[in-house]
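Reading through the structure tokens given below for one structure.
Residue numbers (our numbering), protein chains in the order written: chain A, 75 to 206; chain B, 97 to 485; chain C, 150 to 460; chain D, 5 to 167.
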């Protein structure tokens, strides 16, 4: 990476290990971080949703040549909203639909908000991957 | 029966799937067809759903390798290899050299039998049954080789945190080299059959084209992307397992149609056979496993080149007996968006071959969580096992 | 009279199903397989006859159930008209134009059944069957007209008295070339392409209806081949008693169908419906038309080349 | 190749007429490679009932049955995935992976394990029809929990390979 992400976007905590590097970013700086990564020519790997017992976490994994950069965003249980990144990375649509379906995170501005991989008549309020 | 579009063709909605002779695994495509031309496509996945990621959080450590191995029948070595490497990355375990080589041998043999399987299925999709019969007959040699090495054709169970379980004796190496020599000539025959055959060229040329920009924009991976000219191969980039000792270069083609897909896969088949021979020849001596005590809390993301493309595993441990989170992004999930530009504008006759062109493996794709028919209940591993959802 | 009719009908039924068995075994062997037993067609047919036949409620039931009966009836009638093993046909008079029309009825029945079945697969299958029918009928009819012109009459008995392959080889090649399309075999089974449209018009049929529809198709393959053999090989093969003629003729047909069609089926993938039209209207039709023109222009090239004047 | 092809072709035609099946090698003549992992067999004399195999089994197929008279470890073949973890973990190596691949059980939840009941191999292809029906009934007695099971000796004499 030509310029480290830290001086572009306020990163609360970052750690590096081997080929991986993780950056914890606030929700509203997400967009700036993503457009920076887009300029660097990173390719979206996948988006992981996680229920970390007291709050929700969304991890965006990007592949940049051999390196793997992960941007982590913390969401509280009561407002699980995250902006869509399909404007930068079109491929994120499927991964974000997975977030909607399996973790109940609603993605703002997603073009197609049908949950992925859930049977149509799935009526249960709490999404499957949440730790009850 | 159906309303007619401006040029007088009947507008139809053709459903393909979830169970359909063209699809080897359940997925559902809904095509808006005018006459024979496809105008729009919508896809649904999730029919082969076994809540594997939820299970990964509810099963103790030692059982996860076997669970991850059963995600997909064809790439049943890529998933555990990636999982084991992630845990070793977290716990900083240094795997002995011989174990790395044996893991790479299994990975490459799996690529050989997966690509031969695809060539057969592609032949079957366009109705060329002889190619199917012939390639799958030769593929049996690789499956027998697997059975000789690891005791089982598909679920080899050779991966273990810290190394490999099954050793490879000299006598096994000799017979393996014999089989690989035979496979070399078969690969040439199949390549010649696919290239020279007019009916394959006629059904494959210019069908389901994926441009390089679309491939990059939609995030296509593996042979599907390389057929459009995207030179990305995780084995070359990440040098995991024993790939560091060999200089590979990605096999790419230009025009991204079905014939290009076949070209890339057949070239990779040849490359894998050659690489496996080298692996068998300079297999280093040494122990198979290394002991490890405690897995510290931590996280790791990593990529492995499964036969269908780049497979990403995200593993997080919290120091207890269970994993905090395991996320598996299979190559097919990344390749599904590239269906849209391929399908729009094709003919009904081309649907099966295009559906097969990305070599979909939906059992990999549907490993995330859902509970049966809408009712969500806390399902313990025990209940899951007897219930067999 | 009645006895010979019954004998011919039974012979046509048994021969048609045996032909399918032979074809499947030869194709299986070209794919390193053993293939089913030779009576597989019989097993399929009688198993299906025992099953229940359903009619989807969205269709016009009359048309849906009429199609199988139509195709089998026309084929049995054609079996009586074509002189199968003797110089004259079972019912005495045998007219070439009538036989050509009868041979076109099973595809039409398939089209009716497919479009009446109400499923999108049936509709697309029926549309493809129309294209296939038009495609391969053109060269076949031109070839047959050339032979009728040369024989001076449409009566099958007079036509089959001389072996026309020695006089009009190009027309013979054109007719034989259309055989795979008539048998709806691999490169041309676009109407019931199981990976694309899940067996097209057959998709909604079950039980006896399906059995009869398939029987119609199998009989058509057999009778199509026997018409070509009768017209182009003619009486050259009728010097012995009826029994031996039967065996010789069936042997030629079996060889023709199994070797020729099996070769096509084993070595090619399925073509697309757009190509079928272009494919059959170029080379095969050209061959038949040149033979027609040559004959009309009194150019007896076979006589000139080999001194043959028709056996 | 051509002569073999024609001979094979003729044979297929006659096979259909004569009615013999076309299978060349019957299922019981299949040789499995040395590394093959078949059904795990427990040798009760060696077993010290430590229960480690039950803990390590990924499919949870091994159950420690403590009944009134005697405790025994049983492998529920319906769930076993033949990974041989139990064979590797067993301190006294009481569990061995046999070469039996024919692990059909009549009902899904039968508590029966291959090590309990007498394993009857499919008879030789020669007298195939006659005795196979006999073998089928006697092979599947529903054993009561306490009946004294006659365990075959560990080197599973009836495995297909060491015939």
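Positions of the beta carbon are idealized from the N, C-alpha and C atoms, including for glycine.
Could you pull out every residue in the same chain whose Cβ sits closer than 7 Å to the Cβ of residue i, ignoring the five residues on either side in sequence?
i	result
residue 368(B)	204, 207 and 208
residue 318(C)	451
residue 189(C)	170 and 173
residue 232(C)	238, 243, 305, 306, 309 and 379
residue 205(A)	125 and 127
residue 214(B)	361 and 455
residue 166(C)	190, 191, 194 and 367
If you reduce the DSSP assignment to three classes, tell me which class residue i lands in.
i	result
residue 285(B)	helix
residue 183(A)	coil
residue 94(A)	strand
residue 378(B)	coil
residue 251(B)	coil
residue 111(B)	strand
residue 101(B)	coil
residue 129(A)	strand
residue 101(D)	strand
residue 424(C)	helix
residue 317(B)	coil
residue 135(A)	strand
residue 124(A)	strand
residue 309(C)	coil
residue 83(D)	coil
residue 273(B)	helix
residue 63(D)	coil
residue 144(A)	strand
residue 180(C)	coil
residue 327(C)	coil
residue 405(B)	strand
residue 341(C)	coil
residue 399(B)	strand
residue 385(B)	strand
Within 10 angstroms of its Cβ, does residue i collect 16 or more other Cβ (buried), or is it exposed?
i	result
residue 292(C)	buried
residue 406(B)	buried
residue 74(D)	exposed
residue 183(A)	exposed
residue 109(B)	exposed
residue 182(B)	buried
residue 152(C)	exposed
residue 455(C)	exposed
residue 407(C)	buried
residue 378(B)	exposed
residue 139(A)	exposed
Thinking residue i and residue j are a contact (beta carbons under 8 Å), I'd like their distance in whole angstroms, please.
i	j	result
residue 10(D)	residue 44(D)	Not quite, the Cβ-Cβ distance comes to about 48 Å (not below 8 Å), so this is no contact.
residue 283(B)	residue 365(B)	5 Å
residue 263(C)	residue 272(C)	7 Å
residue 57(D)	residue 93(D)	6 Å
residue 330(B)	residue 390(B)	Between residue 390(B) and residue 330(B) the Cβ distance is about 30 Å, and since that is not below 8 Å, they are no contact.
Among residues of its own chain, excluding the 5 on either side of residue i, which ones have a beta-carbon nearer than 6 Å to its beta-carbon?
i	result
residue 107(B)	98, 99, 101 and 130
residue 393(B)	413, 414 and 415
residue 365(C)	220, 221, 224 and 255
residue 217(C)	358, 361 and 362
residue 53(D)	75
Less than 8 Å between C-beta atoms, sequence neighbours within five positions excluded: which residues of the same chain meet that for residue i?
i	result
residue 120(A)	135 and 169
residue 205(C)	213, 266, 267, 268 and 353
residue 248(B)	242
residue 336(C)	329, 413, 414, 417, 418, 419 and 420
task = Just list the alpha helix (DSSP H) runs in the region 408-440 of chain B, keeping only unbroken ones of 4 residues or longer that don't cross its boundaries, in chain order.
result = 427-431 and 435-439
query = For the region 200-262 of chain C, which segments carrying the beta strand (DSSP E) assignment without a break, of at least 3 residues, lie completely within its bounds, in sequence order?
reply = none
request  = Just list the beta strand (DSSP E) runs in the region 126-172 of chain B, keeping only unbroken ones of 3 residues or longer that don't cross its boundaries, in chain order.
outcome  = 133-140
Short-range partners of chain G found in the region 98-122 of chain A, where Cβ spacing is below 7 Å = This model lacks chain G altogether, as its protein chains are A, B, C and D.
request  = For the region 171-253 of chain B, list the alpha helix (DSSP H) runs that are entirely contained and at least 4 residues long, ordered along the chain.
outcome  = Whole alpha helix (DSSP H) segments, 4+ residues: 174-187, 193-221 and 225-246.
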